[in-house]
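In what follows, a single structure is set out as structure tokens and then discussed.
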Amino acid sequence: QRSIGPDGVVVRSYDDNPALNSIIYDVEFIDDTIREYAANVIAENMLTQVDEDGFTISLMEGIIDHKKDLETAVPKADTYIVTRRGRKRLKKTTSGWKLLVKWTDKSEL
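So for the sequence shown, the numbering used here puts the first residue at 385; every next one is plus one.
Right, dumping it as structure tokens:
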């Protein structure tokens, strides 16, 4: 989920370009610890790593399943927001969705 600062505002800023998207998310790990990570760091680490020769290798084979939590997922009626300029934009979120990822080592998480 997005990390909220003490002032109640989402930490950092969203950008359509994943490399520039710096919104901070609270990431919960298997051992129930929670750490803050920027979206661009999450995306980069999910998709690629660099081997000892400096070559990029893919760690994620693909998303093989998904599940929607009806309690927390954003309803279709609320998937758009209106910008300050009055334009209707798609709200990008994975809130309420669980993804099952297959990694290149054949593990699934």
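Glycine residues also receive a C-beta, built at the ideal position from the N, C-alpha and C atoms.
Ile-414 lies in the beta strand (DSSP E); which residues open and close that run? Locating residue 414 in the sequence shown gives position 30, counting from the first residue. No beta strand (DSSP E) holds Ile-414; DSSP gives it neither H nor E.
So, helix, strand or coil for Lys-476, using DSSP? Indexing the sequence shown from 1 puts residue 476 at position 92. Note: Lys-476 maps to coil in three-state DSSP.
Which word fits Ala-376, buried or exposed, when buried means at least 16 other C-beta atoms lie within 10 angstroms of its C-beta? What the structure shows of the chain is the stretch from 385 to 493, and residue 376 is not part of that stretch, so it cannot be assessed.
Whose CA, out of His-450, Tyr-464, Ile-465, lies closest to the CA of Leu-483? Taking the first residue of the sequence shown as 1, we reach residue 483 at position 99. Among His-450, Tyr-464, Ile-465, the Cα nearest to that of Leu-483 is on His-450.
Who are the near neighbours of Trp-487 in its chain, counting only those whose CB is closer than 8 Å to its CB and skipping five residues on each side? Working through the sequence shown from its first residue, we reach residue 487 at position 103. These residues qualify, in order along the chain: Leu-443, Met-444, Glu-445, Leu-493.
Just mark Ile-447 as buried or exposed, buried being the case when its beta carbon has 16 or more other beta carbons within 10 Å. To locate residue 447, count along the sequence shown from 1; it is residue 63. It is exposed - the Cβ of Ile-447 has fewer than 16 other Cβ atoms within 10 Å.
Within its chain, find whatever has a CB closer than 8 Å to the CB of Asp-415; leave out the 5 residues flanking it on each side and keep chain order. Looking up residue 415 in the sequence shown gives position 31. For Asp-415, where only same-chain residues beyond five positions count, there are no Cβ hits under 8 Å.
Keeping to the same chain, check which residues put their C-beta closer than 8 Å to that of Gly-480; ignore five residues upstream and five downstream. As a working mapping, residue 480 is identified with position 96 in the sequence shown. Correct list, in chain order: Lys-452, Asp-453, Leu-454, Glu-455, Thr-456, Ala-457, Val-458.
What would DSSP say about Ile-426, mapped onto helix, strand or coil? Stepping through the sequence shown from its first residue, residue 426 is reached at position 42. It is helical.
In three-state terms, what does DSSP make of Lys-451? Position 67 of the sequence shown, counted from the start, is the residue given in the question as residue 451. Note: Lys-451 maps to strand in three-state DSSP.
Cα-Cα separation, Thr-417 to Ile-407: Translated into positions along the sequence shown, residue 417 becomes position 33. Translated into positions along the sequence shown, residue 407 becomes position 23. Approximately 19 Å between the Cα atoms of the pair.
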